[in-house]
Structures are given as structure tokens and as C-alpha cells.
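Engineer: In our numbering, the protein residues as written are 102 to 399. Glycine residues also receive a C-beta, built at the ideal position from the N, C-alpha and C atoms.
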């Protein structure tokens with residue numbers, strides 16, 4: 102039988118309430134003290150790099166093995182009972198559940214079914230096959246490999262690695278939805294749609310976020326160790342060894358200037374783009390279009 106990802110000897114996810122409570126206890130005792138410090142970090146070096154200090158409770162929450170309230174109460178209880186957990190760690194965790202999770206749920210129900218067809222940038226490119234196969238030379242290789250192996254990725258990996266790639270390359274939101282729903286164990290539609298179409302792709306035109314979370318290679322390099330053994334060069338914009346994210350980023354911003362320039366948070370970016378000069382701009386756009394013509398080779 103054909104399958105995607107990998108088949109492990111043991112299932113790493115809770116399938117009973119007792120297992121979910123055990124995982125909650127483990128998180129509060131072992132991971133919560135460091136959660137806030139590393140919640141946005143990305144690494145491919147550790148065997149635990151796929152989850153780091155994240156709770157991995159989203160599946161249990163979304164399948165109702167745990168309630169949001171009891172998770173929040175347990176985190177706060179652990180904070181008061183321990184000298185090793187400072188306020189920033191527990192605040193960041195509680196805010197994700199009490200704030201972001203509930204906001205996303207409300208936004209979904211308030212805007213469906215129209216929300217599922219939103220495509221602000223009219224993106225229509227096909228999702229590269231390596232998202233499903235984990236091709237060893239794929240640009241977002243480590244994030245995709247970890248996702249396929251564990252059916253999980255934390256929020257920054259979904260937003261700023263796989264999501265950013267799909268945004269910059271103009272992947273059809275329908276295909277992105279299919280991948281996120283098909284790959285991630287915790288991806289129930291009400292939480293997946295606003296996070297992909299809203300946060301990652303800006304396909305809703307700004308209902309979730311105030312601007313697209315687009316980034317070039319420099320962001321990935323700052324937030325992770327992914328670039329250390331990549332055959333692309335992070336500091337190069339042009340040429341066969343240049344990181345494709347660099348030209349793809351500027352091409353995306355140039356292509357959608359009419360929609361984005363009015364956003365005051367992006368004005369400095371366009372000032373930088375204009376200072377590059379016409380010759381450099383055309384070279385960057387040309388290189389980006391070469392990538393876009395054959396995304397599967399990245």
C-alpha cells in the first residue's frame with residue numbers, strides 16, 4: 102500500500118485521555134520552563150528539533166481529549182508551583198490557547214463558507230511534488246522532512262518556512278490547504294484554513310494579519326540552522342548558487358506592489374527595492390521567474 106511520510110514502530114501521539122493528560126504533565130514539568138525562549142526556533146540538528154519545547158497538545162485539544170481550560174489551568178498551576186518558570190514562558194503559552202486559538206475559531210465560523218475560496222493574490226501555481234515526497238534537494242527540505250516524518254510542525258515552521266515558500270511562489274491556496282490538511286495530524290479545517298489562507302498566504306486580504314509574512318533567505322538563516330548545510334548561498338541574490346528565496350521574495354513584493362505599498366509597514370521595503378536600480382531589479386525578477394517556471398527542481 103502506498104503511503105506518505107514514514108511508519109514508526111510506536112505512535113508518538115496520545116490517543117486516549119490518560120495519554121493526553123500524561124503529555125500535558127510532561128510539558129508543564131519539562132518543557133514549559135523553556136517554552137518562551139525557544140518557541141520560534143528552528144533546528145535540524147537535534148532528534149527533537151521537530152518539536153523542541155512545544156507542548157504537542159494541539160492534536161489532543163482538537164480531538165477533545167483535553168479542554169483548553171484545563172490545559173491553561175494546569176500551565177498556570179505549574180507556574181505558581183515552580184521557581185523555574187518565569188512569567189514570560191507561561192504567558193506565551195496561555196496566550197496561544199486563550200487568545201490565538203479562540204480568535205482563529207471565531208474568525209472561521211464568522212466568515213465561512215466564503216473564507217474557503219479567498220485568494221487575494223490570485224495565486225494559481227501547482228504545489229511542487231516534493232512537498233509530498235520529501236525530495237532530498239527540496240529548498241524547504243528539513244521542514245518538509247520533519248513534517249512528513251512526524252505529522253507535525255510548530256507554528257513558525259508552518260508559517261515562515263513551508264507557508265512562506267508557498268506565498269512567494271504563488272501556490273494555489275486550495276493545494277496548500279490540501280497539503281496542510283493531509284500532512285498535519287492536528288489540522289482540522291477550522292484551525293487550518295485561517296492559519297494557511299490568513300497567516301501564511303494572506304489570501305484573505307488581511308482579515309487575520311495586517312501584512313503578508315513574507316521573508317527572504319536571511320530570515321530563515323537568522324531563525325534556524327537550516328542554511329548551514331544547504332547547497333544554496335544565503336548572501337547571494339543572483340546566480341546558480343544564490344538562495345532562491347532571495348529573488349523570489351523581491352519578485353513577490355514587486356509583483357504585488359499595487360496591493361501592498363499602501364501598507365505603511367512595507368514602505369521602507371519598497372524604498373530599498375527602488376534603490377537597487379532598474380538593471381538589478383530586472384535581473385532579480387528574471388532569476389525568480391526561472392525558478393517559478395520549474396519549482397520541482399529547487
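Please report how far the alpha carbon of residue 177 lies from the alpha carbon of residue 191, in whole angstroms.
Structural biologist: Whole-angstrom Cα-Cα distance: 7 angstroms.
Engineer: Quick one: grab the DSSP three-state call for residue 224.
Structural biologist: Of the three classes helix, strand and coil, the one that applies to residue 224 here is coil, per DSSP.
Engineer: Where does the unbroken alpha helix (DSSP H) through residue 342 begin, and where does it stop?
Structural biologist: Note, residue 342: premise wrong, no alpha helix (DSSP H); not H, not E.
Engineer: When you compare each of 340, 348, 242 to residue 326 by their alpha carbons, which one comes out closest?
Structural biologist: Checking every option, the nearest Cα to that of residue 326 belongs to 242.
Engineer: If you run the structure through DSSP and keep just helix, strand and coil, what is residue 178?
Structural biologist: Correct three-state label for residue 178: helix.
Engineer: Is residue 301 near residue 270, with beta carbons less than 9 angstroms apart?
Structural biologist: Against a cut-off of 9 angstroms, the Cβ pair of residue 270 and residue 301 comes out as no contact.
Engineer: Classify residue 289 as helix, strand or coil using the three-state DSSP reduction.
Structural biologist: If DSSP states are grouped into helix, strand and coil, residue 289 belongs with coil.
Engineer: For chain C, check one thing: does any of its Cβ atoms lie closer than 9 angstroms to the Cβ of residue 397?
Structural biologist: No chain C appears in this structure, which consists of one protein chain only.
Engineer: Since residue 312 and residue 367 are thought to touch, with beta carbons under 8 angstroms apart, how far apart are those beta carbons, to the nearest angstrom?
Structural biologist: The pair is a contact, with the Cβ atoms about 6 angstroms apart (cut-off 8 angstroms).
Engineer: Return helix, strand or coil for residue 147, following the three-state DSSP convention.
Structural biologist: Reduced to three states, the DSSP call for residue 147 is coil.
Engineer: For the segment 150 to 206, list the alpha helix (DSSP H) runs that are entirely contained and at least 4 residues long, ordered along the chain.
Structural biologist: Qualifying alpha helix (DSSP H) stretches, in chain order: 159 to 163, 169 to 182, 188 to 195.
Engineer: Leaving out five residues before and five after residue 167 in sequence, what residues of the same chain have Cβ atoms less than 7 angstroms from its Cβ?
Structural biologist: Once the five neighbours on either side are set aside, the close Cβ partners of residue 167 are 121, 125, 158, 161.
Engineer: What's the gap between the Cα of residue 229 and the Cα of residue 148?
Structural biologist: Each residue's Cα considered, the two are about 26 angstroms apart.
Engineer: Going by the beta-carbon positions, is the gap between residue 305 and residue 371 smaller than 9 angstroms?
Structural biologist: It is not a contact, given that the beta carbons lie outside the stated cut-off.
Engineer: Less than 9 angstroms between the beta carbons of residue 348 and residue 385, yes or no?
Structural biologist: Yes; because the gap between Cβ atoms is below 9 angstroms, this pair is in contact.
Engineer: Mind checking residue 395: buried by the 16 CB within 10 Å criterion, or exposed?
Structural biologist: Classification for residue 395: exposed.
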